[in-house]
Amino acid sequence: MVRVAGPRAIRDPRPESGLTQLHFTGLLERLSRRDAEGPANILFGLVLALLGFGLLLQAGHAATVLEPAEFKADFLSEVRDRILALAVLLLAVRTGIKRLERFLPLAMSLSVLALLLVWAPVIGSGANGSNRWLQIGLSVQPSEFARVSLILWVAWYSIRLGPRVNELGGVLRMFLPTLLFAGLVWAEPDKGGACVLFLCAAATMWVGGVDSSRVAMPFFALVAAAMVIANAADTYSRGRIEMWIGDSYNEQVVEGMGAISSSGSLGAGFAGGELRNRGFSYMDSDFVFSLVAEEFGAFGMALVLVAFCALFWFSFRMVLSIPGRFEATAAFGLCVSVAAQALVHIGSVSGLFPPKGMTLPFLSDGGTSAIVSCLALGLAIGAARQSSALEDPPPEGA
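Numbering (our numbering), first residue to last: 392 to 789.
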């Protein structure tokens, strides 16, 4: 048992020693008593750093695989998307979570409409056999925004239910909309996105008070079983699993993992990667972690992993410090959504998970991914800053 100097407590085996035993509950209590603004500021800085590094990666990639005229258009598009993401981040920090409470039913309705419009003949857009985008001046992926809306709504409704959150009717009221959203995303098809959405909603329900062991677990087990059966019956999904366990060969997956395993300590240098210069498909988006590995080696991969680990740690500290139940529950779900997306990307690219085309937040190409990640963390940061401001003592003479 680890012991450190501290004030005498009843649980101290030797009251005269002035030592206190550390335990996990005590750690959570200490973190929750700290000001939320400190972790929020660090989290804000980490998002800015990742956005800047992502722009550097995308500029280097475009410069080596595109013609000069195409590079200019692509680079300007990337700058536009990241400026828009930064603007969304600042606006979300300013707004916070509490102010959105009255708009959540409307956001849910608009999210369902957007998920249906991906099939519309004019506004909807598809690629590689999947209808996931809306063309409204720029390409938007509604499932990303739907995940944010669902997390906010689940957090709000779980607090609104109060003690009824563990009744069958209460769980169904949150569970059925979650199934609707996951089903619409699954049908695009985007099975990985549907699983991440469902996971984030389930985690938010759990923090919102749902006792998973007694009430929600049968529903979650049923959905998980349905997903496994559906994947087993689908030739495409079965092929992805076969790639993962080595029963089939896919050049893109193998070379992506090869870039990680053979990158060395410092890699080939900025814009010097062999795979990228050969025009390796989706290396700027679904395989961007392979791009980091090939150009910056083990050092670059470690730097990215440390940055994301720090982002998750300070998110956790920030959430524990938010006093409002609704804001804290929603902030937890929003931070989990970014963490889950990053985990799936890094895990699938490195071979830990079956191959799944999912962007790495802030680093990959794709305006929707950066914007939604900034929206999610910006709202959480805004909730933390607003709660910290409310706890500040009034000025003298007020």
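The C-beta atom is built at its ideal place from N, Cα and C for all residues, glycine as well.
Just so we're clear, the structure is a prediction, and the values are computed from it rather than from any experiment.
- Put simply, the backbone Cα of residue 677 is about 25 Å away from that of residue 704.
- Judged by their CB atoms, residue 681 and residue 740 are nearer to each other than the 8 Å cut-off.
- Annotation for residue 688: 654, 655, 656, 657 and 658 place their beta carbon closer than 7 Å to its own, counting only its chain and skipping 5 residues before and after.
- Nearest to residue 465 by alpha-carbon distance, out of 738, 426, 734 and 675, is 675.
- Scanning its chain for C-beta atoms nearer than 6 Å, with the 5 sequence neighbours on each side dropped, one finds around residue 445 the residues 753 and 754, in chain order.
- In the structure shown, the three-state DSSP call for residue 716 is helix.
- If you check the CB distance, residue 431 and residue 772 come in under 8 Å.
- With fewer than 16 other Cβ atoms inside 10 Å of its own Cβ, residue 714 counts as exposed.
- Proximity to residue 443 across 644, 511, 698 and 534 peaks at 698, based on C-alpha coordinates.
- The beta carbons of residue 578 and residue 589 sit no closer together than 8 Å.
- In this structure, the beta-carbon distance from residue 594 to residue 717 does not fall below 8 Å.
- The continuous beta strand (DSSP E) containing residue 521 extends over residues 521-526.
- By the neighbour-count criterion, in which a residue is buried when 16 or more other Cβ atoms sit within 10 angstroms of its Cβ, residue 490 is exposed.
- The alpha-carbon of residue 471 is positioned some 33 Å away from that of residue 571.
- Segment contact: the region 727-737 against the region 556-572, fewer than three CB-CB distances shorter than 8 Å; contact not assigned.
- According to DSSP, residue pairing for residue 531 in a beta bridge involves 525.
- For the options 766, 452, 775 and 602, the alpha carbon positioned closest to that of residue 481 is the one of 766.
- Spanning the alpha carbons of residue 644 and residue 672 requires a straight line of approximately 10 Å.
- A straight line joining the alpha-carbon of residue 514 with that of residue 485 spans about 31 Å.
- Residue 764 sits buried, since 16 or more C-beta atoms from the chains shown fall within 10 Å of its C-beta.
- For residue 582, the uninterrupted alpha helix (DSSP H) run begins and ends at 582-598, by DSSP.
- Distance between residue 475 and residue 761, taken at the CA atoms: about 9 Å.
- Look at residue 436 here: in three-state DSSP terms it is helix.
- By alpha-carbon distance to residue 508, the top candidate from 568, 575 and 528 is 575.
- Per DSSP, residue 463 is one residue of the alpha helix (DSSP H) stretching across 459-486.
- Across the structure, residue 742 and residue 679 are spaced so that their CA atoms are roughly 14 Å apart.
- Beyond the five residues adjoining it in sequence on each side, residue 462 comes within less than 7 Å, by CB distance, of 453 and 454 in the same chain, given in chain order.
- Counting along the chain, residue 567 sits inside the alpha helix (DSSP H) bounded by residues 559-577.
- In the three-state reduction of the DSSP assignment, residue 656 falls in the coil class, being assigned neither a helical nor a strand state.
- The continuous alpha helix (DSSP H) containing residue 686 extends over residues 679-711.
- Between the alpha carbons of residue 449 and residue 661 lies a distance of about 11 Å.
- Secondary structure note for residue 503: its alpha helix (DSSP H) is the uninterrupted segment 495-508.
- In the DSSP assignment, residue 515 is bridged to 525.
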